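Chemist: What follows is a structure written as structure tokens; I'll ask about it next.
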Amino acid sequence: YSYQGRESNDFFSSLLPAYGLMILTFLLNFWVLYKGISKGIEKLAKIALPLLFLFAIILAVRIITLGTPDPSIPENSVWNGFAFIWNPDFSQLGNPTIWLAAAGQIFFTLSVGMGTIHAYASYLKPKDDIALSGLTTAATNEFAEVVLGASIAIPVAVAFFGLPATQEFARGGAFDLGFVSMPLIFQRIPLGEIFGFLWFLLLFFAGITSSVAMGQPVVAFLEDEFGMNRQKAVFTLAVVVLICVQFVVFFLRFGFLDEMDYWAGTFGLVVFAFIETVLFMWVFGADKAWKEMNAGGDFQIPRIFYPIMKYVTPLVLFVIMVWWFINDAIPILLLSNASPESVPYIWGARIMMIGIFLGLVFMVKKAWGNHSEQKFDLNNE
């Protein structure tokens, strides 16, 4: 927990080192945003993403070669870790929580439902190959997440701690598997300091490329709709983020970040993905959407995806949301399983998220009003 700033030890005697590194990362994020898309975000991605893949492959190979670290406990092996991942428990298909978490994870990792894709899509030319770009993006992302990601943390945790302990780590919070179990493992293997360095640098690259990517839509919105220059837009976003992140840092151990992650990073993404699907395929029009997707493509998207996008996807997402509401909504909303000391902090996280959401709604409404006024002025000229 010392890596998260939640506890102190001989190396981290207080919250200050973790807080200082957070501020350093914060400044790096907004420096990259300030530099712009080509000179900032693109340059970062060209450096960080290849290194991320390289580090992940090195770690995956090392973990696979560990086999069974303790021969006296043969069930604690890397292969049993892989078996846990790749042998599905079909009984969980009747659990709405699993469906919601799976859908939310897919949308989060592909930046669907949060406005990120829309911002970057606005820079495309009319005849750019959307189909091929979408396929390569999704395939590369899933290779990193499913193949490489599934070959590191869980298999090695099962090998050293066993399956029950690994599951307990995973239940402990959003970061316990990576920041609690992995450091303990690196202490037990040869050259653990080097592999630990690669692991944390991998997490850093994954985090900063994601956070920078998610900051650009807000910056672009402030530039396009409120006439701010890039410097002012980046500074405005930085101030808001700096204020909000204080609550996350100081109330992390009370589940503040986990609550935000659940509503904004899981449930909210499913809701907005459903809305986007309906708007794209039903309001904009399925035929126009299909034509737009295939325009300029080197290959045509198979026709089977037309009914999937128009009927199956919105129906499945709607069923997941209704199913979740019937089974899980009341205990989650009432914090039935939360510890008493965490309750006020969790409500604080909810209030902050509602405030941010209402602020964004107000800004969108104001921007929409500005467009209406401009259109009215043009019609009267």
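1403 is the number of the first residue of the sequence shown in my numbering; add one for each residue after it.
Even for Gly, the Cβ is constructed at its ideal location relative to N, Cα and C.
Treat the numbers as computed from the prediction; the structure is a model and nothing was measured.
1. Are the beta-carbon atoms belonging to M1723 and F1652 less than 9 Å from one another?
2. In or out: Y1713 buried (at least 16 other Cβ within 10 Å) or exposed?
3. Between the C-alpha atoms of G1594 and T1611, what's the straight-line distance to the nearest angstrom?
4. According to the neighbour-count rule (16 or more other Cβ atoms, all chains shown, within 10 Å of its Cβ), is Q1648 buried or exposed?
5. Count the other C-beta atoms from every protein chain shown that fall within 10 angstroms of the C-beta of Q1633, then say buried if there are 16 or more, exposed otherwise.
6. Looking only at C-alpha atoms, which of D1663, N1497, F1581, I1508 sits nearest to E1547?
7. Locate the alpha helix (DSSP H) running through P1566, then write down its first and last residues.
8. Assign L1426 to buried or exposed, taking buried as 16 or more other Cβ atoms, counted over all protein chains shown, within 10 Å of its Cβ.
9. Which residue wins for smallest C-alpha separation from A1447, given the options A1615, Q1589, F1545?
10. In whole angstroms, what separates the C-alpha of P1709 from that of P1528?
11. Any chance the stretch 1462-1476 sits against the stretch 1556-1573, with 3 or more Cβ pairs inside 8 Å?
12. Answer yes if the stretch 1510-1519 comes into contact with the stretch 1614-1630, meaning at least three C-beta pairs across the two stretches below 8 Å, and no otherwise.
13. Between which two residues does the alpha helix (DSSP H) holding Y1664 run?
14. Is it true that the stretch 1636-1643 meets the stretch 1448-1464, where meeting means three or more beta-carbon pairs spaced less than 8 Å apart?
15. Is the stretch 1486-1495 touching the stretch 1718-1736 in the sense that three or more CB pairs, one from each, lie closer than 8 Å?
16. Among F1701, V1680, D1700, which has the Cα closest to the Cα of F1691?
17. Between which residues of its own chain and A1503 is the CB-CB distance below 8 Å, once the five residues before and five after are set aside?
18. Enumerate, from N- to C-terminal direction, the unbroken alpha helix (DSSP H) stretches of 4 or more residues contained entirely within the stretch 1636-1703.
19. Within its chain, find whatever has a CB closer than 7 Å to the CB of S1479; leave out the 5 residues flanking it on each side and keep chain order.
20. Using only CA atoms, which one of L1429, T1568, F1510, V1672 lies nearest to W1725?
21. Comparing alpha-carbon positions, which option in V1766, N1696, N1482 lies nearest L1534?
22. Leaving out five residues on either side along the sequence, give the residues of the same chain with a beta carbon under 8 Å from the beta carbon of G1438.
23. Taking C-beta to C-beta, are D1784 and T1467 nearer than 9 Å?
24. Below 8 Å on the Cβ atoms is my contact criterion, and I expect L1604 with A1458 to pass it. Report the Cβ-Cβ distance as a whole number of Å.
Modeler: So, from the listed chains and residues:
1. no
2. exposed
3. 26 Å
4. exposed
5. exposed
6. I1508
7. 1565-1573
8. exposed
9. A1615
10. 24 Å
11. yes
12. yes
13. 1658-1664
14. no
15. no
16. Rather than Phe, the amino acid found at residue 1691 in this sequence is Ala. Among F1701, V1680, D1700, the Cα nearest to that of A1691 is on V1680.
17. T1668
18. 1658-1664, 1670-1680, 1688-1696
19. G1469, T1470, A1561
20. V1672
21. N1696
22. R1632
23. Since the first residue shown for the chain is 1403 and the last is 1783, residue 1784 is missing from the structure and cannot be characterised.
24. 6 Å
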